[in-house]
Each structure stands twice: as structure tokens, then as C-alpha cells.
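Per the numbering used here, the sequence shown starts with residue 126, numbered consecutively.
Each residue gets a CB set at the ideal place from its N, CA and C atoms; glycine is no exception.
Here the structure is a predicted model, which means the values were calculated and not measured.
First up is the structure itself, then whatever we jot down about it.
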Amino acid sequence: MLRLYRFIAQFLTPLLKAHLKRRLKQGKEDPTRLYERFGGASLPRPQGKLLWIHAASVGESVSVLQLIKDLRHKHPDISILLTTGTVTSARLMAQRLPPEVIHHYIPLDVPQWINRFLNHWQPNEVIFLESELWPNILQAVKKRSIPLMLLNASLSEKSYRRWRLARSVATEIFSYFDRILTPSLDTAIRLKGLSVETVELTTNLKFTATSLPVNQEELARLQRQITRPLFAAVSTHSGEEEKIIQAYLILKQKYPELLLILAPRHPSRAEEILKMLEETGLATARRSLEEIPTPKHHVWLIDTIGDLGLIYSLAPFCFLGGSLVPIGGHNAIEPFALNCLVIQGNQTFKSNHINLILAPVLVTVNTAEDLVAAVDTYLQHPEKFLPLQQQAQAILTEQRQGFHEIIDKIMESMQ
């Protein structure tokens, strides 16, 4: 089956070029760096040892920032190349990566493009994060005898059932990795069920990630300007905003001054959301227009990227989206790290391991009615905030233990 995949990848190369050009027109590729997706390099390779880390998108790249910073601090002689696959993650990394760390787009999984990439960068070790598995890339790395690690490995029950239908393919792909580190016992058991023997339990990188950045001057200014009770709904998706607006309208009857802070996962959906808000007669201030909500505004729409740290620091609690619809949920650690308590839906299958650990401080709801009740409880009893925030911080601190063991394991392979 893998041979067929590799043949198809070669055969479809002209179509993949057209696919990239189409994505370029849609704003999903960077026109100044499109060559990188074909394996071309925009920068020279630095001298000495090079560690290549691949993080698929925003969540994975944010989770690895602290690891990169610690590696650079402890081993300044080693250069680091971080690849991602989305424009959004590239923009975020431009803001948050240490200046000496190279960001590059990962090439598509086409053998000649991968070889072009590897011939230029010649990494001494390669780390892939979570569940990012590109067969041609992994095979090319293995053929060059470059140490290969899967870090923060994640294998859901659904993915495990699919892999079991193609066990020989799974065995071959996972055999490319010299070491597989996972924070999840369930993932370790599932990998063992696929005859993978190189699995080790470690700390979850997401618990060690640096907190989202916050402009403290702006935060202080907003805290002076916005003195109303807040209901923040963050990283929301289509199908959730309707429920949140419905919940807000109910809550507003009891709390007339309540301000809804609405931060969709994809700010490009702003016009769609504005239409919903207009239809319900809710006056909206927009972050992208640098508007600050006044008493006449009901909603503050955060239609920008990079402001979640500010929102988490401003609001004592939030609803975390992607969880009332089958998206799988988002990373609850980020708000907790900034003392923002979390309410989320029950469709969080992508974050089960994290949610089990955070269960003592998480509130889970099943419906819009449940969401109203949960928000109402927090608004009625703000005295609950501090003890729950303290408990959350204690959980985060405990989970960060063992982080430096990951660095040691990485360095073992670099020798």
C-alpha cells in the first residue's frame, strides 16, 4: 500500500503544483515562500549540528516553543529548524520564535521535493510532533540514517481502529521512528497493539508551553476601561456562535451590563458572525478596527490573530470552542495558564488526555442551556475564581515535572 502511495505521489506531482497555486489564490500559501513547499530553501544552512523539528500547525508549534528555547539555552551550539504547514502558524512563529531559530514551510510529501529539502538542510536529528505522519518524508529520513523521533505522540481510538485495518502499513510507518515519546497511556497501549515497541511515556509538551503573550500595558488599560461582567467565548466554530449568542441573550436578561467577548477560531469568518449579531440587534465593537467596547456595545468581536493571551488575562473564565460541535476541542491549558477558568462542550475527543488531568477544574456542558447555567454560576459566585485558579496552577506545575528529561532524550540522539 505504501508503494502505491509513493507511486501516486510521484504521478500526481503536476496536480500538486496546481493545488499549491490554487491555495495561493485562496490566501492559504505565502507567495514569497511558495518555493519552500517544493523543497527549496530560502536561507543557507548554518554551520554545525542542526535539529529539524516539524509541527503541523498553530497548536503544535506553540507547544514546542518552550522546548526550543530551553534547547537553545542549554545547547547554543546546535541550530534549530522548525517547519510548519500553514500560513497562520508561520505568522505566529515570526512573532514568537527566538531570532536565531529558522522557520521554514515543510515540503509536500513528494520524493524529489523532500530530497531537495534534505540535501540542503542535512539535519542531524529529526523530530515530528503528535500525529503528523508523512510516509515519503519519514522513509527518506530513515534511508539517510538520521535519528528520527515522534514527540508528544497522539493516537486516538478512531485513528487506532483505522490503523488496525492496515496493520502492516502502520507497522512500517511507525518503525521509521527510533523513539516514540507519548504523554498518554492510552496512546502507548494502542501503539503496542500495532506492534510498535519503541514507545516511552513522558510529560505532555502542552503543559510545558510558554504562556500566550500579553501586552501588559494594554491589559491594564482595558481593565480600567471595561469594568462590566464578561462572558468570553474563544476559538469558536461554525455552529457554536449561534448557541453562544442564544446563551448571551438569555444571560443578558439577568445581567444587563454583561459583555460578550467573541473570538472565532478563524477570524476570516468575521463577516459571517457580524451578520448573525446584526440579526439579533447586538451592537458590536471590532478588534480589527481597534474599537474598544463602550457601554452601548453588547459584543466585542476579536477578529484578529494573536490576541487570545490578552482575552484570557482579561476574562476570569471563558467558553472554549470546538467542543459543542465535532471539532474535537482545543487546548484548555492555554487559558488556565493565564488564570482563565474553562467551560467547554463534551466533544473534546482530541484532548481527552489533557482533559482527564484538568478534570478537577474543568466545567463540561452538553447543551446551550447547560452553558447558560455554567456561566450564570460563575457570574453569581465570583468568589469561586481564586481557589479554582490556584488549583489549576498546582495541576500545571505538577505536570511540568519531567520536562528536562525530554531534552536529555533528544540530546542522546544528537551525539
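Around the beta carbon of glutamate 255, 16 or more other beta carbons lie within 10 angstroms, which makes this residue buried.
With fewer than 16 other CB atoms across the displayed protein chains lying within 10 angstroms of its CB, alanine 519 is exposed. Histidine 423 carries a coil assignment under DSSP once its states are collapsed to helix, strand and coil. The segment 380 to 417 is shown to contain whole alpha helix (DSSP H) runs of 4 or more residues at 395 to 404, in chain order. If you check the CB distance, histidine 229 and alanine 219 do not come in under 9 Å. Counting C-beta pairs with one atom in each stretch, the segment 489 to 500 and the segment 305 to 318 have fewer than three that are closer than 8 Å, which means they do not touch.
Our two residues, glutamate 523 and threonine 333, have alpha carbons roughly 10 Å apart in a direct line. At least 9 Å separates the beta-carbon of lysine 368 from that of alanine 166. Contact annotation: leucine 145 and phenylalanine 163 have beta-carbon atoms nearer than 9 Å.
In the structure shown, the three-state DSSP call for alanine 265 is helix. Under the three-state reduction of DSSP output, glutamine 348 falls in the helix class. Under the criterion of beta carbons closer than 8 Å, valine 497 and leucine 376 qualify as touching, at roughly 6 Å. Taken atom to atom, the span from the alpha-carbon of threonine 327 to that of arginine 147 is near 40 Å. Straight across, the Cα-Cα distance linking alanine 215 with lysine 379 is about 43 Å. Taking all protein chains shown into account, tyrosine 373 has 16 or more neighbouring C-beta atoms within 10 Å of its C-beta and is therefore buried. When DSSP states are grouped into helix, strand and coil, phenylalanine 302 belongs to the coil group. By the beta-carbon neighbour count (other beta carbons within 10 angstroms, threshold 16), threonine 361 is buried.
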